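> Handing you a structure now.
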Amino acid sequence: MNKLTLACLFAASGIGFGAFGAHGLEDKLVANDSVSTWDTAVLYHLIHAVALFVLAAVDSLKSKWSYTLMSIGILLFSGSLYALALTKIGIFGPITPLGGLAFIAGWITLIFENKR
7 MNKLTLACLF AASGIGFGAF GAHGLEDKLV ANDSVSTWDT AVLYHLIHAV
57 ALFVLAAVDS LKSKWSYTLM SIGILLFSGS LYALALTKIG IFGPITPLGG
107 LAFIAGWITL IFENKR
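Heads up: the sequence shown begins at 7 in the numbering used here, then just goes up one per residue.
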């Protein structure tokens, strides 16, 4: 799968998760007192999906590692928050900062990948 396709899939799934959380899962998220957790997951998911789209679309950017780290960030950060919001299983909580670190590393790596 190419980078642009993956970025589009991340964007589409982010929109889907946002809509599903607002409509299909609203009662469960309210019952778990986790609406804001879900919203945070969707926000970071979509922001980084757009970033991945830009990285895939701009040929002049070197972004192999930053793209990979941001993708991992979506999976770990947003994925763990989605799971935590739905299940309230505490083991997912410690995974979230690992995703945050992947996001940070992805942005910093982008600087070094494109030093001229």
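Each residue gets a CB set at the ideal place from its N, CA and C atoms; glycine is no exception. Nothing here was measured: the structure is a model prediction, and the numbers come from that model.
1. Do Phe-59 and Ala-25 have their beta-carbon atoms positioned less than 8 angstroms apart in this structure?
2. Using 8 angstroms for Cβ pairs, my map puts Leu-75 next to Thr-11. What's the rounded Cβ distance?
3. Which of the three DSSP states, helix, strand or coil, is assigned to Lys-68?
4. So, using beta-carbon positions, are Phe-16 and Ile-80 closer together than 8 angstroms?
5. Assuming Leu-90 and Phe-83 are in contact, meaning their beta carbons sit under 8 angstroms apart, how far apart are those beta carbons, in whole angstroms?
6. Based on Cα-Cα distance, which residue from Gly-27, Ala-37, Asp-39 lies nearest to Val-48?
7. Quick one: Cα of Trp-71 to Cα of Trp-113, how far?
Reading from the atomic positions:
1. no
2. The C-beta separation of Leu-75 from Thr-11 comes to about 19 angstroms, leaving the pair out of contact by the 8 angstroms criterion.
3. coil
4. yes
5. The pair is not a contact, with the Cβ atoms about 11 angstroms apart (cut-off 8 angstroms).
6. For Val-48, the nearest C-alpha among the options comes from Gly-27.
7. 10 angstroms
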